[in-house]
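Residue numbers (the working numbering), protein chains in the order written: chain H, 2 to 251; chain Z, 550 to 986. Backbone N, C-alpha and C fix where the C-beta goes; we use that ideal spot for every residue, glycine too. As structure tokens, the structure follows; a few thoughts come after it.
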Amino acid sequence: MLKIENLHASIEGKVILKGLNLQVNPGEVHAIMGPNGAGKSTLANIVAGKEEYEVTNGSIELNGEDISELAPEERAHNGVFLSFQYPVEIPGVSVTNFIKTAINETRKAKGLEDMPAKDMLKMIREKSELLEIDRKFLSRSLNEGFSGGEKKRNEIFQMAMLEPKLAILDETDSGLDIDALRIVANGVNKLKSKDNAVIVITHYQRLLEYIVPDFVHVLYDGKIVKTGDASLALELEAKGYDWIKEEMVS
Amino acid sequence: MDLKEKIVSSYVAFEDGVDVNTDIHEIRTEAFQNFEKLGFPTKKLEAWKYTSLNSILKEDYSIFPDKEKTINLADVKKYFIHDIDTYKVVFIDGKYSSFLSETTHDAIDVCLMSSALNKAKYKPVIENYFNKVAKQDNLTSLNTAFAKEGAYINIPKNTEVEKPIQIINFTTGSVEATMTQPRNLIVVGQNAHVQIIERHQSLTSNAVLTNVVTEVFADRDATVDIYKIQNDHIAASLVDNTYIEQQSKSVVSVHTFSFGGNITRNNLNFYQKGEYIDSILKGITIIEGKQHVDHHTLVHHIEPNCESHQDYKGIFDERSTGVFNGKVIVEKEAQKTNAYQQNNNVLVSDRSTINAKPQLEIFADDVKCSHGCTIGQLDEQALFYMQQRGIAQKEARALLMYAFANTVLESVKIPEVKERITKLIATKLNVNIGFDL
């Protein structure tokens with residue numbers, strides 16, 4: 002589904018990714034771990050199409066198609082979803098109407114009519130129940146005054162509504178207490194299928210107890226330096242990253 | 550001949566068409582002399598520092614379009630709020646159109662200034678109110694000198710006017726350039742309530758200069774809501790001089806929506822002549838190209854325990870320019886005044902400009918006066934966030950701008966007006982989304 006080859010990228014002249022390779026197939030869950038500044042969020046933002054980053058070499062393919070020149074909304078229409086580490090507050094736009102607009106704009110891009118209001122409401126009801134979101138919450142301005150946990154739950158709610166092929170969760174666990182973590186993870190697990198894939202970016206093993214990855218990658222200094230199964234996450238949790246750095250040097 | 554000379558020399562001809570042996574004409578003549586002395590405002594005047602009329606004063610305006618023009622309702626229906634029942638006072642090139650209007654004398658007067666100025670039964674009201682709150686500045690004097698036609702609205706006490714009143718001035722472009730001087734008088738009695746929608750609309754690309762004066766008197770406990778829809782043709786310029794005098798416990802709101810036109814200058818003045826008054830001034834400006842919109846507001850707090858609320862939002866694209874000058878005077882006697890002023894602007898392009906100036910003159914010591922002014926750009930991270938969710942950049946920008954302006958729309962009390970403004974904003978931002986936020 003996602004195939005990244007030899008990706009080099011920089012922002013304002015600073016090189017962040019230095020030859021990254023990653024292949025994600027349908028039905029898989031990948032975790033990307035690594036120390037601060039390794040390039041984890043950069044990778045997420047580049048796949049989503051943030052313009053400030055310059056791809057200097059390499060390719061990003063989604064379902065066999067090079068997406069590196071596409072606008073962020075076009076990538077979204079192709080099924081890419083990024084759960085933001087810091088979801089943006091947008092005063093004056095309610096959660097409900099934002100998601101309605103997002104869904105209908107995506108449908109428009111695919112040449113479809115707007116989703117009938119009845120279906121939309123039904124879907125909102127189902128998905129908000131899945132994420133245990135209070136209905137009153139949906140009429141509030143998007144992310145404005147939300148707690149850290151509410152923001153993240155709202156991200157996963159939007160993911161549930163948009164039904165992406167590839168979801169990238171960028172530190173979705175940060176700022177979540179254990180209950181919220183369980184709700185979010187449960188939501189993600191329910192949405193998983195053999196046709197979609199999830200990339201979980203995290204510092205901690207905690208989230209991976211709930212969303213069990215098929216692969217764990219260590220991103221260090223702009224490259225994936227180690228790949229393993231779920232047990233690698235436990236090893237990292239126990240030993241930190243220093244041994245990886247030492248391995249790199251030797 | 551420059552425009553001032555042309556206007557001055559045509560006054561004799563104007564006098565042919567009015568009764569010169571009246572008190573009203575005394576007022577006109579005095580105003581005429583005042584204009585003759587002052588001329589048009591120039592950038593040397595502090596109040597006109599950021600707005601130059603030079604480019605529009607060069608046109609060879611026809612001052613008294615004398616041809617009766619008719620227009621088809623079908624062609625202009627879109628300029629009305631037509632999905633609700635309203636009274637309508639409509640003018641074409643400054644002349645009353647009985648065909649397009651729907652006036653009344655049933656308990657309330659919604660009719661013509663020309664009748665009010667000439668008929669004996671209106672004389673007491675005219676004597677009490679005409680030109681009593683309007684300032685004697687350059688352009689108001691010019692309007693007063695030629696005051697002859699406009700809307701006359703008189704609502705007796707304890708009357709709730711069920712239907713909004715639309716005042717619409719069309720210009721047809723039957724001559725190359727048209728100048729009009731509409732003069733409106735709105736008198737609202739004790740505990741009465743009225744809603745007014747005002748619009749100036751040019752129907753061709755010929756130059757138009759409208760210099761309108763509206764006087765509003767709100768008696769005790771009266772409620773007056775005024776909506777000014779300014780979405781005129783790019784060749785049309787407007788100077789709107791509105792003067793509002795409020796008595797105790799009255800609430801007057803003015804919403805000004807400025808989306809179109811060449812040069813638009815709004816002089817909006819509130820005078821609080823009693824206690825426990827609320828004055829509400831709100832505006833949304835969305836312009837582009839070389840358009841210019843200037844909001845000059847004045848709230849004069851004269852008595853204690855009154856409030857004023859100002860909220861102006863501006864979005865400026867391309868080479869457009871904006872001015873916000875919000876003056877609040879709190880007199881020594883006006884203790885316990887609450888005066889709020891908020892002016893937020895987004896400069897969408899690097900070449901757009903806003904000159905924003907809060908001006909507070911406070912002589913009382915026990916008051917709450919706040920003002921806030923921001924000038925910024927659209928939040929790039931918010932745009933990326935919306936695009937990531939599948940909303941294309943153009944629509945995302947529009948949605949952000951709409952959300953930015955939305956606080957002003959929340960206080961619009963007529964749903965159809967709100968809906969119309971929402972549609973105008975979508976059209977103005979060139980997007981096809983509902984914004985049903």
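Residue-level contact to chain H via CB, residue i, 8 angstroms cutoff
i	result
Z/G939	yes
Z/N955	yes
Z/Y825	no
Z/Q930	yes
Distance cut-off 7 angstroms: residue i Cβ against heavy atoms of the ligand SAH
i	result
H/P117	Here there are no bound small molecules, and the ligand SAH is not part of this structure.
For residue i, three-class secondary structure by DSSP
i	result
Z/L986	Its pLDDT being 47, under 50, Z/L986 is placed unreliably by the model, and nothing is read from it.
Z/N981	coil
Z/P964	helix
Z/R732	strand
H/A161	helix
Z/T619	coil
Z/D551	coil
Z/Q739	coil
H/G146	coil
Z/E579	helix
H/G188	helix
Z/I878	strand
Z/M662	helix
H/N37	coil
Z/S828	strand
H/A239	helix
Z/Q936	helix
Z/P713	coil
Beta carbon proximity, residue i to chain Z, threshold 8 angstroms
i	result
H/A10	no
H/T43	no
H/K51	yes
H/G72	Inspection of the sequence shows that residue 72 of chain H is occupied by Ala rather than by Gly. At least one chain Z Cβ lies under 8 angstroms of H/A72.
H/E106	yes
H/N147	Residue 147 of chain H is actually Phe in this sequence, not Asn. Taking Cβ atoms only, chain Z never reaches closer than 8 angstroms to H/F147, which makes this a no.
H/T173	no
H/H78	yes
H/G94	For the sequence presented, residue 94 of chain H should be read as Val rather than Gly. For H/V94, the answer is yes, since a Cβ of chain Z falls inside 8 angstroms of its Cβ.
Exposed unless 16 or more other CB atoms sit within 10 angstroms - verdict on residue i
i	result
H/N26	exposed
Z/D770	buried
Z/K627	exposed
Z/S559	exposed
H/P1	With chain H running from 2 to 251 in the structure shown, residue 1 of chain H is simply not present.
Z/Q930	exposed
Z/V957	buried
H/R136	exposed
Z/L986	Unreliable positioning characterises Z/L986 in this predicted model, as indicated by a pLDDT of 47, which lies under 50. The coordinate reading is nonetheless provided below. So Z/L986 ends up on the buried side.
H/F85	buried
Z/N540	Residue 540 of chain Z is absent from the model: chain Z starts at 550 and stops at 986.
Neighbouring residues, chain Z, relative to residue i (Cβ below 8 angstroms)
i	result
H/Q159	R938
H/L163	R938 and G939
Partners in chain H for residue i, counting only beta-carbon separations shorter than 9 angstroms
i	result
Z/Q942	A72, P73 and E74
Partners in chain H for residue i, counting only beta-carbon separations shorter than 8 angstroms
i	result
Z/Y934	F85, P88, V89 and I91
Z/L973	Per Cβ cutoff of 8 angstroms: no residues; Z/L973 is ~17 angstroms from chain H at best.
Residue i: contacting residues in chain Z (beta-carbon distance under 7 angstroms)
i	result
H/A103	R938, G939 and I940
Cross-chain neighbours of residue i in chain H, by beta carbon under 7 angstroms
i	result
Z/A952	I91, P92, G93 and V94
Z/L948	V94 and T102
CB contact check: residue i to chain B, cutoff 8 angstroms
i	result
H/L122	Chain labels in this structure do not include chain B; the protein chains are H and Z.
**Message:** Would you call the segment 145-158 of chain H in contact with the segment 180-187 of chain H, where contact means no fewer than 3 C-beta pairs closer than 8 angstroms?
**Reply:** Yes: at least three Cβ pairs fall under 8 angstroms.
**Item:** Segment contact, 8 angstroms Cβ cut-off, at least three pairs: the segment 60-75 of chain H with the segment 901-917 of chain Z
**Value:** Contact fails: fewer than three Cβ-Cβ distances are below 8 angstroms.
**Message:** Check whether the segment 943-952 of chain Z and the segment 602-620 of chain Z touch, using three or more Cβ-Cβ pairs below 8 angstroms as the test.
**Reply:** Too few Cβ pairs lie closer than 8 angstroms, so no.
**Asked** Using 8 angstroms as the threshold, is the segment 197-205 of chain H in touch with the segment 160-178 of chain H, meaning 3 or more CB pairs across them?
**Response** Cβ pair count under 8 angstroms is three or more, so yes.
**Request:** Taking 8 angstroms as the threshold, find out whether the segment 676-694 of chain Z comes into contact with the segment 648-657 of chain Z through three or more Cβ pairs.
**Result:** Counting Cβ pairs under 8 angstroms, fewer than three are found: no touch.
**Asked** Is it true that the segment 867-876 of chain Z meets the segment 897-911 of chain Z, where meeting means three or more beta-carbon pairs spaced less than 8 angstroms apart?
**Response** With a cut-off of 8 angstroms, the segment 897-911 of chain Z and the segment 867-876 of chain Z count as touching, because enough Cβ pairs lie within range.
**the segment 739-748 of chain Z touching the segment 661-672 of chain Z, judged by at least three CB pairs closer than 8 angstroms** = Flag = no, the segment 739-748 of chain Z and the segment 661-672 of chain Z do not touch.
**the segment 219-238 of chain H contacting the segment 554-570 of chain Z, beta-carbon criterion three pairs below 8 angstroms** = Of all C-beta pairs linking the segment 219-238 of chain H to the segment 554-570 of chain Z, fewer than three are shorter than 8 angstroms, placing the two stretches out of contact.
**Prompt:** With a cut-off of 8 angstroms, do at least 3 Cβ pairs link the segment 827-844 of chain Z to the segment 927-947 of chain Z?
**Reply:** Contact between the segment 827-844 of chain Z and the segment 927-947 of chain Z is not established, with fewer than three Cβ pairs separated by less than 8 angstroms.
**Request:** Check whether the segment 818-826 of chain Z touches the segment 790-808 of chain Z, counting contact only when three or more Cβ pairs, one atom from each stretch, lie closer than 8 angstroms.
**Result:** Pairwise C-beta distances place the segment 818-826 of chain Z in contact with the segment 790-808 of chain Z, as three or more of them are shorter than 8 angstroms.
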